[in-house]
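Below is one structure, written out as structure tokens; comments come after it.
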Amino acid sequence: GLDEKDVPNVKLTRARDGSSGVATFKFSNPNCFDINTQASGEVTGMFMIDDEGEISTTEVNARFANGKPQDIESTYVMKSPDEWDRFMRFMERYGEANGLGFVKS
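Here the sequence shown stands for residues 115 to 219, where the numbers follow my numbering.
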């Protein structure tokens, strides 16, 4: 896999009862569109790796305009409060490392 250099826009939604949630990542200029990384193969998923281990999803879609790749959107579905908590710990570390902030709407 490739370490993604493009920092995504991340949108979070959570069920009112906290039982589930969805994180949607939008990469505007991902590495996989770079001519130098095309030899690495196709995108098969998004893998979020930290000190606790790995979180992954295979829900990854590319958007094209006029035959040219524009962006990639990836969705990670959390099916329990434990998965939500684990994801939030990952995002806290990822956000600190990449200058992301959290804005509650």
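The beta carbon of each residue, even a glycine, is placed where N, CA and C say it ideally should be.
These numbers come from a predicted model, not from an experiment.
{"Check": "Considering only residues of the same chain and omitting the five flanking positions on each side of Thr172, which have a CB-CB separation below 6 Å?", "Outcome": "Gly159"}
{"Check": "Candidates Lys140, Gly135, Asp117, Gly132: which alpha carbon is nearest Ser188's?", "Outcome": "Lys140"}
{"Check": "For Gly132, collect the residues of the same chain with a Cβ closer than 8 Å to its Cβ; drop the 5 residues on either side in sequence, then sort them by chain order.", "Outcome": "Pro195, Trp198"}
{"Check": "Three-state secondary structure (DSSP) at Pro195?", "Outcome": "helix"}
{"Check": "Mark Gly213 as exposed unless 16 or more other C-beta atoms lie within 10 angstroms of its C-beta, in which case mark it buried.", "Outcome": "exposed"}
{"Check": "Do you know how far the Cα of Glu210 is from the Cα of Asp185?", "Outcome": "24 Å"}
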